[in-house]
Amino acid sequence: MVSYRAAVLREFGKPFSLEEFRYEPPSGWVGVRVRAVGVCGRDVVVWRGGFRNLRPPLVLGHEVFGEYEGKPVAVFPAIVGENCLERMEGRENLCRDYAILGETVPGGYAEYVYVPRWNLIELPDTRYTSYAAAACGVATFIHAAKVAGIGGGDRVLVTGAAGGVGIHGVQYLVSLGVEVYGTTRSREKARVLEELGVHPLTSREFSRELGAKVDAVFEVVGASTINESLRALKPQGTLVLIGNVEGKPLELARPAMIVMRELRIIGSAAYTRREYETAINLIARGLIKPFYKTYKLDEVNQAYKDMLSGNLVGRAVLTI
Numbered sequence: 001m002v003s004y005r006a007a008v009l010r011e012f013g014k015p016f017s018l019e020e021f022r023y024e025p026p027s028g029w030v031g032v033r034v035r036a037v038g039v040c041g042r043d044v045v046v047w048r049g050g051f052r053n054l055r056p057p058l059v060l061g062h063e064v065f066g067e068y069e070g071k072p073v074a075v076f077p078a079i080v081g082e083n084c085l086e087r088m089e090g091r092e093n094l095c096r097d098y099a100i101l102g103e104t105v106p107g108g109y110a111e112y113v114y115v116p117r118w119n120l121i122e123l124p125d126t127r128y129t130s131y132a133a134a135a136c137g138v139a140t141f142i143h144a145a146k147v148a149g150i151g152g153g154d155r156v157l158v159t160g161a162a163g164g165v166g167i168h169g170v171q172y173l174v175s176l177g178v179e180v181y182g183t184t185r186s187r188e189k190a191r192v193l194e195e196l197g198v199h200p201l202t203s204r205e206f207s208r209e210l211g212a213k214v215d216a217v218f219e220v221v222g223a224s225t226i227n228e229s230l231r232a233l234k235p236q237g238t239l240v241l242i243g244n245v246e247g248k249p250l251e252l253a254r255p256a257m258i259v260m261r262e263l264r265i266i267g268s269a270a271y272t273r274r275e276y277e278t279a280i281n282l283i284a285r286g287l288i289k290p291f292y293k294t295y296k297l298d299e300v301n302q303a304y305k306d307m308l309s310g311n312l313v314g315r316a317v318l319t320i
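Taking the UniProt record's numbering, the leading residue of the sequence shown gets 1, the next gets one more, and so forth.
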């Protein structure tokens, strides 16, 4: 049994409790001293109670960076069973027992996190906050672009483009030579997107603001934008469903349009360890600019208030 300080979610939708947390790690798992952890939109869905299989108390946080045996490491965010890993390594994101850190096992809103040694990835430096801000978003888009078959010359739209996933993902798409449009309701965030080479769209009816239709939409927001996103697609275009930040059911307003235009709706299941390593490498080389605001662990409730307000550009990152 180990004991360490953590931010514990005792009740969905309520403030976190800062307390000593006791945990019995499985045999063979190793402890990582957490230095920085990103606050992901998925975490917010969990906090709201959007995953019916989860029950408090929970220690959230899967974007974990810190130290193991004095060396800087990243923690691959998913726990995968050995049997599936032997059969599916390189496609481990499709394992049925793929479990996100911070949900079925305690996560990184804490001084320590415990994982199998396989989950550790060596970091090239100690810029923990930069990696915590950007790695998950970049890896998500690396995988989603593969799933959608997107490459140079394509024209795409990203919803929630100034959020923690979107603002880092759009940079990856721009690096591929893709023409990128991104939605945001904020004029200030729109200027940031323009500086990154993204065409910002600020209207609720962004499919009309867009003009010409796009080859693909990377749907990060989910329920509140999916129908407008479908209207933005060319015939035979693809909507890649990445996230659903409010956790509400997705309702299709015009199924006939999907049929008549032969639109595709496909899912993108997180990312693989190899894609996570690629994202870390891109950040280390300075090819992705991290956007984030840092908070101490005991400021986690303020971090959530700021995220829910929609005022943050990029990611909230907890430092520990």
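We treat Cβ as the ideally placed atom computed from N, Cα and C, and that holds for glycine.
Fair warning: this is a prediction, and the values are worked out from it, not measured in the lab.
Asked: Where DSSP assigns a beta bridge to Tyr131, which residues make up the other side?; Found: According to DSSP, Tyr131 bridges with nothing at all.
Asked: Roughly how many whole angstroms lie between the Cα atoms of residue 330 and Gly243?; Found: Nothing about residue 330 can be reported from this structure: the residues present for the chain run from 1 to 320 only.
Asked: Using a Cβ-Cβ cutoff of less than 8 angstroms, which residues in the same chain neighbour Ile142 once the five nearest sequence positions on both sides are dropped?; Found: Tyr172, Tyr271, Glu275, Thr278 and Ala279
Asked: When the Cα atoms are used, what is the spatial distance from Pro25 to Tyr114?; Found: 6 angstroms
Asked: Specify the secondary structure class of His199 as computed by DSSP and reduced to three states.; Found: strand
Asked: Kindly indicate which residue of Glu228, Phe218 and Gly50 has the alpha-carbon position closest to the one of Arg204.; Found: Glu228
Asked: Would you decide whether Ala162 is buried or exposed? Buried here means 16 or more other CB atoms lie within 10 Å of its CB.; Found: buried
Asked: The beta strand (DSSP E) spanning residue 345 covers which residue range?; Found: Any question about residue 345 goes unanswered here, given that the chain covers just 1 to 320.
Asked: Give the C-beta separation of Ala134 and His168 to the nearest angstrom, bearing in mind that I take them to be a contact with Cβ-Cβ under 8 angstroms.; Found: 4 angstroms
Asked: Could you say if the region 97–105 and the region 59–67 meet the contact criterion of at least three C-beta pairs nearer than 8 angstroms?; Found: yes
Asked: Which residues bound the beta strand (DSSP E) around Pro72?; Found: Lys71 to Val75
Asked: With a CB to CB cut of under 8 angstroms and the five nearest residues on each side skipped, what residues in its chain are close to Leu263?; Found: Leu230, Leu233, Pro235, Gln236, Gly237, Thr238, Leu239 and Met257
Asked: Determine the DSSP secondary structure at Phe16, reduced to helix, strand or coil.; Found: coil
Asked: List the endpoints of the continuous alpha helix (DSSP H) containing Ile167.; Found: Gly166 to Ser175
Asked: Just checking my contact of Gly13 with Arg48 at CB under 8 angstroms: how many whole Å lie between their CB atoms?; Found: 6 angstroms
Asked: So, with DSSP's three-state summary, where would you put Pro106?; Found: coil
Asked: Taking its Cβ as the centre, do 16 or more other Cβ atoms sit within 10 Å of Pro290, making it buried, or is it exposed?; Found: buried
Asked: Please decide whether Ala132 counts as near chain D, where near means a Cβ-Cβ distance under 8 angstroms.; Found: Absence of chain D from the displayed structure is noted, only one protein chain being present.
Asked: Lys305 lies in the alpha helix (DSSP H); which residues open and close that run?; Found: Val300 to Ser309
Asked: Helix, strand or coil: how does DSSP classify Ile150 here?; Found: coil
Asked: What are the boundary residues of the beta strand (DSSP E) that includes Leu233?; Found: Leu233 to Leu241
Asked: Counting pairs of beta carbons, one from the region 115–126 and one from the region 300–312, are three or more of them closer than 8 angstroms?; Found: no
Asked: Assess, as a yes-or-no matter, whether the region 65–77 is touched by the region 144–155 under the definition of 3 or more beta carbon pairs within less than 8 angstroms.; Found: no
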